[in-house]
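Enquirer: Per the numbering used here, the sequence shown starts with residue 118, numbered consecutively.
Note that the Cβ used here is the ideal one computed from N, Cα and C, for glycine as well.
Please read these numbers as outputs of a predicted model, since none were measured by experiment.
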Amino acid sequence: MTVPTRENAWALLTEFTSSQALRRHALAVEASMRHLARAAGATDEAEVERWGLVGLLHDFDYEKFPTEADHVFRGMEILRERAWPEDLIKAIGGHAFYTGIPRDTPMEKAILASDELTGFVGACALVRPSKKISEVPVESVLKRLKEKAFAQKVDREYVRRGAEEWGRPLPELIALVLASQVPIAAALGLDGAPAADLPDAPCPPAPPAP
C-alpha cells in the first residue's frame, strides 16, 4: 500500500476497534493532528491528511492489545504486514514514551502533543453544564490540569512534554486542540447531546479546518 486513504485507515480502525469511545477518540485526535499540521505550515492537503491518518490510527490496536508489552508494538507490526508507509508507522510508534522510539519530525512530535490533550479537553467539555466544547476556555483547561483528581487517566507528563517537544507554549497548544474539535463536536458528543454511533462503514467525513 503506497498511498493509504482515510477509507483504508477507517476500515483498519474498525476492524480492530469496536468501542465507540475509542472510535471517537481516534476521530478527535485525527482532527487535532490535521489542525496541528496546518499550524506547522502544511499547505498541501495530502500532507494534512497524512498527519490525520496518524491520529486516526495511533490507538487502533489498543482494544485488542491493551498492555504496554503489546500496545503500539503490535499495531506497528500489523501496519508493516499491510505495507503502510514507514514514516506513518514510526510516528504512531513514538506516541508512547515506553516504546523508546524517538520523535524527530514535526508529525512525530504532534501526535505526542495531541493525544492525551485531546482526550483531556473533551473531558473538560463534558463536566460543563452545556457539555459543549465550543464553550471551554483555555484557562479552564489549564486549571483542570492542576487538579489531580480530574480525568486521572490523563498523564499530565504527556501533556507537558507534548507542548515542550512541539515547541509552543501550552496555552497555545490547548487553543489549537480546542479549535480542532469544534467542527466535529456533534460526532464526538461534545455539542450538548449524545453522539450517534460511528459505524464500520461508511467512513465519516474528514474533520474540516476550524
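(1) Per DSSP, what are the beta-bridge partners of K249 in this structure?
(2) Could you give the distance in angstroms between the alpha-carbon of E132 and the alpha-carbon of D317?
(3) Pull up the distance between the alpha-carbon of A128 and that of F237, whole angstroms please.
(4) If L130 and L173 are in contact, beta carbons under 8 Å, what's the gap, nearest whole angstrom?
(5) Suppose contacts are defined by Cβ-Cβ distances below 9 Å. Is E166 in contact with A323 by that definition?
(6) Please state the DSSP three-state secondary structure of F182.
(7) Looking only at C-alpha atoms, which of P327, L287, K248, E264 sits nearest to A312?
(8) Count the other CB atoms, across all protein chains shown, that sit within 10 Å of the CB of V120; report buried if there are 16 or more and exposed otherwise.
(9) G239 and I228: beta carbons closer than 9 Å?
(10) For E198, which residues in the same chain have their Cβ closer than 8 Å to its Cβ, ignoring the five residues on either side in sequence?
(11) For the ligand GTP, any of its heavy atoms closer than 8 Å to the Cβ of Y275?
(12) Taking the straight line between their C-alpha atoms, what separation do you get for Q137 and F177?
(13) If you compare alpha carbons, which of Q269, V146, K207, A296 is closest to D221?
(14) Do I291 and L243 have their C-beta atoms closer together than 9 Å?
(15) Since V146 contacts S231 with CB under 8 Å, what's their CB separation in whole angstroms?
(16) Alpha carbon to alpha carbon, what distance is there between R277 and W283?
(17) Given a cut-off of 9 Å, decide if T134 and A143 are closer than it, judged by their beta-carbon atoms.
(18) At which residues does the alpha helix (DSSP H) containing G279 begin and terminate?
(19) Considering only the alpha carbon of each residue, which of E194, T160, E124 lies closest to A326?
Expert: Once the coordinates are examined:
(1) D308
(2) 8 Å
(3) 26 Å
(4) 6 Å
(5) yes
(6) coil
(7) K248
(8) exposed
(9) no
(10) none
(11) No copy of the ligand GTP occurs in the structure displayed, which carries no ligand at all.
(12) 12 Å
(13) K207
(14) no
(15) 6 Å
(16) 10 Å
(17) yes
(18) 273 to 283
(19) T160
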